[in-house]
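Q:
2 protein chains.
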Amino acid sequence: MPAPTSEERNRLDRAVLLDAAERLFYERGIRAVGMDQVRAASGLPLKRIYRLFSAKEDLVVAVLRRRDQRWRGELVDHVERVPEPRDRVLALFDWLERWFAEPGFRGCAWINAHGELGSSSERVLAEVRSHKQAFHDQIAEWVRATGAPVVEPVVLLAEGAIVTAGVSGDPAAARHARRAVARMLGTV
Amino acid sequence: MPAPTSEERNRLDRAVLLDAAERLFYERGIRAVGMDQVRAASGLPLKRIYRLFSAKEDLVVAVLRRRDQRWRGELVDHVERVPEPRDRVLALFDWLERWFAEPGFRGCAWINAHGELGSSSERVLAEVRSHKQAFHDQIAEWVRATGAPVVEPVVLLAEGAIVTAGVSGDPAAARHARRAVARMLGTV
DNA sequence: CCCATGAGAGAACGATCGTTCTCCACCGGT
DNA sequence: ACCGGTGGAGAACGATCGTTCTCTCATGGG
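As given, the protein sequences belong to chains D and B, one line each in that order. Going by the working numbering, 359 is the number at position 102 of the first sequence; the sequence numbering is gapless. Going by the working numbering, 340 is the number at position 83 of the second sequence; the sequence numbering is gapless.
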């Protein structure tokens with residue numbers, strides 16, 4: 258077995274580190290997790306962690322950015338399997354419901370990060386806004402394809418469902434939102 | 258001027274303390290605010306603070322509880338001036354828009370607390386859920402009076418507007434939600 | 001075989017956390 | 001005038017934070 262190149266080694270370590278940090282940050286909150294817990298969970302020496310990310314803030318931003326790519330990617334994969342524009346918009350809420358039902362679901366990671374760090378870290382704030390903007394724009398694209406002028410309500414119902422399910426732990430919010438959207442899209 | 262009784266003194270100090278703590282917690286996040294900053298902002302000696310609340314967690318819970326009473330009280334005052342059931346529901350969103358436009362608006366204090374402490378403090382979690390339940394029930398009462406079976410969508414639109422305005426800083430979310438609710442309540 | 005380079009393990013650093021304790025100044029009752 | 005006790009100011013405590021440093025060892029090139 259050939260020794261992995263150091264570049265590839267960095268890539269792998271980054272992935273392991275981001276996995277561990279993302280899980281801990283989401284589970285317990287960002288400030289509640291110390292770098293030493295990240296070290297223990299990732300199995301990487303602190304020194305290597307700080308060579309990959311020169312401060313905790315960088316790690317947080319990287320976690321949010323990678324999660325954004327993965328999260329929206331999975332959403333698009335699920336929704337764009339569906340051919341009909343109207344069904345696509347409804348599929349968004351099916352996907353949300355599945356997400357809400359996952360064990361350990363604890364609301365929107367970006368909203369949580371915003372509440373904790375939005376006023377103390379410009380970079381986290383920017384990351385959160387960028388994610389929310391991208392989510393909005395994605396929904397807008399799907400809704401516009403139906404011809405119904407209801408982009409904003411659909412976005413707000415999705416955000417409301419996420420936050421409500423996050424606090425209550427009940428995935429039903431997704432069904433409630435879905436029903437309302439179905440009505441707004443016509444042909445009851 | 259008669260010396261205030263010690264009971265009344267406690268009442269006043271509690272109010273001063275809760276004012277200071279609420280402002281700091283909301284502005285910066287709860288974990289980001291140390292008890293010494295609460296002391297400095299309230300002007301109260303640390304000893305007195307710890308006689309009024311025996312731990313930071315108690316203070317946090319008291320802040321959330323008092324804010325809940327005031328916040329919902331003001332909401333009810335605004336909405337129930339309006340006679341017509343349909344207009345009442347719409348008035349909720351006018352009130353939200355005014356709130357969003359206040360300087361320093363940074364989203365929902367309970368959602369923020371949930372993201373930060375929901376997984377580490379049972380008592381904070383309970384407080385957040387109780388607030389959200391009360392908000393839901395209040396809206397349900399108003400919506401049912403209109404006869405339209407749209408309680409859940411209205412709640413979700415309100416929550417979505419709060420969270421969206423909180424992250425983006427743009428009060429327009431309230432108008433978008435209001436417009437959607439107006440349509441759902443019929444008589445476009 | 002030797003030595004320099006770099007990585008790993010974890011101690012150490014200064015700051016700050018929540019909480020408690022010390023110390024002194026002030027007070028009403030005799 | 002004295003004294004017990006209450007309360008304020010802030011030092012102190014142990015823990016933990018993010019970050020850096022030290023020490024040790026392994027390893028690869030001459």
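Glycine is no exception: its CB is placed at the ideal position from the N, C-alpha and C atoms. No experiment lies behind these values; they were computed from the predicted model shown.
According to DSSP, simplified to helix, strand and coil, what is isoleucine 287 of chain B?
A: The residue labelled residue 287 of chain B in the question sits at position 30 within the second sequence. Three-state result, isoleucine 287 of chain B: coil.
Q: For alanine 383 of chain D, count neighbouring Cβ atoms within 10 angstroms of its own Cβ and tell me buried if that reaches 16, exposed if not.
A: Along the first sequence, read from residue 1 onward, the residue named residue 383 of chain D stands at position 126. Classification for alanine 383 of chain D: exposed.
Q: Helix, strand or coil for glutamate 359 of chain B per DSSP?
A: What you label residue 359 of chain B is simply residue 102 of the second sequence in a count that begins at 1. Looking at glutamate 359 of chain B - three-state DSSP - the assignment turns out to be coil, as it is neither helix nor strand.
Q: Got a sec? Which residues, its chain only, sit under 8 angstroms from alanine 391 of chain D by beta carbon, not counting five neighbours each side?
A: The count along the first sequence starts at 1 and reaches residue 391 of chain D at position 134. Closer than 8 angstroms at Cβ, skipping near neighbours: Asp325, Arg329.
Q: If I follow the unbroken alpha helix (DSSP H) through alanine 434 of chain D, where does it start and stop?
A: Locating residue 434 of chain D in the first sequence gives position 177, counting from the first residue. That run of the alpha helix (DSSP H) goes 429-441.
Q: Below 8 angstroms, how does it come out for the region 396-416 of chain B and the region 355-364 of chain D: are there three or more Cβ pairs, yes or no?
A: Contact between the region 396-416 of chain B and the region 355-364 of chain D is absent, because fewer than three Cβ pairs lie under 8 angstroms.
Q: Could you give the C-beta distance for leucine 414 of chain D and alanine 437 of chain D, rounded to a whole number, given that I count them as a contact under 8 angstroms?
A: The count along the first sequence starts at 1 and reaches residue 414 of chain D at position 157. The count along the first sequence starts at 1 and reaches residue 437 of chain D at position 180. Rounded, the Cβ-Cβ distance is 6 angstroms, consistent with contact.
Q: Out of D/Ala429, D/Ala298, D/Glu379, D/Arg268, state which residue places its alpha-carbon closest to the alpha-carbon of aspartate 315 of chain D.
A: Reading the first sequence from its first residue, position 58 is the one you call residue 315 of chain D. Here the closest residue by C-alpha is D/Glu379.
Q: Taking only the alpha-carbon atoms, compute the straight-line gap between leucine 269 of chain D and lysine 313 of chain D and give it to the nearest angstrom.
A: One-based indexing of the first sequence puts residue 269 of chain D at position 12. One-based indexing of the first sequence puts residue 313 of chain D at position 56. Cα to Cα, the separation comes out at about 19 angstroms.
Q: Quick check on alanine 297 of chain D: buried or exposed, where buried means 16 or more other Cβ atoms within 10 Å of its Cβ?
A: Locating residue 297 of chain D in the first sequence gives position 40, where the first residue counts as 1. It is exposed - the Cβ of alanine 297 of chain D has fewer than 16 other Cβ atoms within 10 Å.
Q: Using the C-alpha atoms, what's the distance from alanine 272 of chain B back to valine 333 of chain D?
A: Taking the first residue of the first sequence as 1, we reach residue 333 of chain D at position 76. Taking the first residue of the second sequence as 1, we reach residue 272 of chain B at position 15. When rounded, the distance between both Cα atoms is 50 angstroms.
Q: Do glycine 426 of chain D and glycine 417 of chain B have their C-beta atoms within less than 7 angstroms of each other?
A: Looking up residue 426 of chain D in the first sequence gives position 169. Looking up residue 417 of chain B in the second sequence gives position 160. Against a cut-off of 7 angstroms, the Cβ pair of glycine 417 of chain B and glycine 426 of chain D comes out as no contact.
Q: What did DSSP end up calling serine 311 of chain D once you bin it into helix, strand or coil?
A: Within the first sequence, the letter at position 54 stands for residue 311 of chain D. Three-state result, serine 311 of chain D: coil.
Q: Please confirm whether glutamate 341 of chain D has its beta-carbon closer than 7 angstroms to some beta-carbon of chain B.
A: The residue given as residue 341 of chain D occupies position 84 in the first sequence. With 7 angstroms as the cut-off, glutamate 341 of chain D does not count as an interface residue toward chain B.
Q: Does the region 367-378 of chain D touch the region 336-355 of chain D, meaning 3 or more C-beta pairs lie closer than 8 angstroms?
A: Contact between the region 336-355 of chain D and the region 367-378 of chain D is absent, because fewer than three Cβ pairs lie under 8 angstroms.
Q: Does the beta carbon of valine 290 of chain B come closer than 7 angstroms to any beta carbon on chain D?
A: Taking the second sequence and counting its residues from 1, one reaches residue 290 of chain B at position 33. No, valine 290 of chain B does not count as interfacial toward chain D.
Q: Check each residue of the region 270-286 of chain D: if its Cβ is closer than 7 angstroms to any Cβ of chain B, include it; give the result in chain order.
A: Residues passing the 7 angstroms Cβ filter: Glu284, Arg285, Gly286.
Q: Short check: CB of glutamate 279 of chain D to CB of valine 317 of chain D, under 7 angstroms?
A: Translated into the one-based positions of the first sequence, residue 279 of chain D becomes position 22. Translated into the one-based positions of the first sequence, residue 317 of chain D becomes position 60. No, they are not a contact pair.
Q: Kindly indicate which three-state DSSP category glycine 300 of chain B falls into: helix, strand or coil?
A: The residue given as residue 300 of chain B occupies position 43 in the second sequence. Of the three classes helix, strand and coil, the one that applies to glycine 300 of chain B here is coil, per DSSP.
Q: Quick one: is proline 259 of chain D near chain B, going by C-beta distance under 7 angstroms?
A: Taking the first residue of the first sequence as position 1, residue 259 of chain D is located at position 2. Its pLDDT being 48, under 50, proline 259 of chain D is placed unreliably by the model, and nothing is read from it.
Q: Can you find a heavy atom of the ligand HEM that lies under 6 angstroms from the Cβ of alanine 422 of chain B?
A: Absence of the ligand HEM from the depicted structure is noted, as is the absence of any ligand whatsoever, leaving it without description.
Q: What's the call for proline 340 of chain D, buried or exposed, on a 16-neighbour Cβ count within 10 Å?
A: Here residue 340 of chain D refers to the residue found at position 83 of the first sequence. Proline 340 of chain D comes out exposed.
Q: Can you grab the Cα-Cα spacing for the pair glycine 375 of chain D / leucine 309 of chain B, in whole Å?
A: The sequence position of residue 375 of chain D within the first sequence is 118, counting from 1. The sequence position of residue 309 of chain B within the second sequence is 52, counting from 1. The alpha-carbon atoms of glycine 375 of chain D and leucine 309 of chain B are separated by roughly 30 angstroms.
Q: Would glycine 364 of chain D and glycine 423 of chain D qualify as a contact pair, given that the criterion is a beta-carbon distance under 7 angstroms?
A: Within the first sequence, numbered from 1, the residue matching residue 364 of chain D stands at position 107. Within the first sequence, numbered from 1, the residue matching residue 423 of chain D stands at position 166. It is a contact, given that the beta carbons lie within the stated cut-off.
Q: State yes or no: is the beta carbon of alanine 437 of chain D nearer than 7 angstroms to at least one beta carbon in chain B?
A: Numbered from 1 along the first sequence, position 180 holds the residue referred to as residue 437 of chain D. Chain B, which has a Cβ nearer than 7 angstroms to the Cβ of alanine 437 of chain D, makes this yes.
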